[in-house]
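Student: This is the structure I want to talk about, given as structure tokens.
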Amino acid sequence: MARLKLDFSQQQFCYSTHMTVRSTDINASNHLGNDSMISMISEARARFLFDFGIREAAEADGIIVTDLATMYRAESHARDQLLFEVGVMDFNRYGGDIIFRITRPADNTLIALAKSGFVFFDYRLGKVAAMPADFRAKFPAVNWLD
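Next comes the structure, spelled out in structure tokens:
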């Protein structure tokens with residue numbers, strides 16, 4: 006099976022937040038578990054959207070995560086302070102990708118890179134919806150695929 010390769014060296018990260026690895030995030034191998042990393046990535050996404058004034062879920066319109074790819078580069082352990090840098094890329098008519106670079110600032114170690122696809126969704130109609138103009142306007146420098 007081909008290995009996943011993510012490279013965000015040329016991408017713009019426009020948001021950052023810190024999170025501490027809890028003892029309950031540690032797996033049987035004594036490092037940050039995959040399930041906990043996914044939860045932390047989801048929390049970073051929620052903080053990013055909230056701070057940009059974007060509601061993930063609303064009565065009618067919202068955002069749905071379509072996929073997640075994570076590339077682990079180093080272990081993290083209980084009580085590590087992690088920096089989650091967040092950005093967006095590859096916009097299309099219906100959504101795009103939210104990207105993450107997770108590092109441990111104490112020793113400048115890259116812990117993981119992740120990319121989460123998203124689309125806008127109209128819950129009234131039960132179908133994918135076009136990206137709202139006000140969302141697009143918040144990120145004028147992001148590349149478009151179509």
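So this note's numbering is basically just the index in the sequence shown, starting at one, shifted up by 5.
Glycine included, every Cβ here is placed at the ideal spot set by N, Cα and C.
From the DSSP output, in three-state form, read off serine 44 for me.
Tutor: Helix, per DSSP.
Student: What separation, rounded to the nearest whole angstrom, lies between the Cα atoms of phenylalanine 123 and glutamine 17?
Tutor: Their backbone Cα atoms lie some 18 Å apart in a straight line.
Student: Could you tell me whether any Cβ in chain C is nearer than 8 Å to the Cβ of isoleucine 31?
Tutor: Note that chain C does not occur in the displayed structure, where there is just one protein chain.
Student: By Cβ distance below 8 Å, which residues in the same chain neighbour alanine 62 in space, the five residues on each side in sequence not counted?
Tutor: If we look at alanine 62 and ignore the five residues flanking it on each side, its Cβ neighbours are Ile68.
Student: Grouping DSSP H, G and I as helix and E and B as strand, with all else coil, what is leucine 9?
Tutor: Coil.
Student: Taking the alpha-carbon positions, what's the leucine 87 to glutamate 80 distance?
Tutor: Between leucine 87 and glutamate 80, the C-alpha separation is close to 11 Å.
Student: So the alpha helix (DSSP H) alanine 142 belongs to, where does it begin and stop?
Tutor: Where alanine 142 is concerned, the enclosing alpha helix (DSSP H) stretches over 138 to 143.
Student: Going by the CB atoms, is the gap between alanine 119 and leucine 73 shorter than 8 Å?
Tutor: Yes, the pair counts as a contact, with Cβ atoms nearer than the cut-off.
Student: Can you name the start and end residues of the beta strand (DSSP E) that aspartate 85 belongs to?
Tutor: Unbroken run through aspartate 85: none, as it is neither H nor E.
Student: Would you say methionine 42 and phenylalanine 89 are within 8 Å of each other, going by their C-beta atoms?
Tutor: No, these two residues do not count as a Cβ contact at 8 Å.
Student: Hey, out of Asp85, Ser14 and Val133, whose CA is closest to valine 91's CA?
Tutor: Valine 91 has its Cα closest to that of Ser14, out of Asp85, Ser14 and Val133.
Student: Here's the rule I'm using: 16 or more other beta-carbon atoms within 10 Å means buried, otherwise exposed. How should glycine 58 be labelled?
Tutor: By the neighbour-count rule (16 or more Cβ atoms within 10 Å), glycine 58 is not buried but exposed.
Student: Output yes or no for whether 8 Å exceeds the beta carbon distance between methionine 94 and isoleucine 104.
Tutor: Yes, they are a contact pair.
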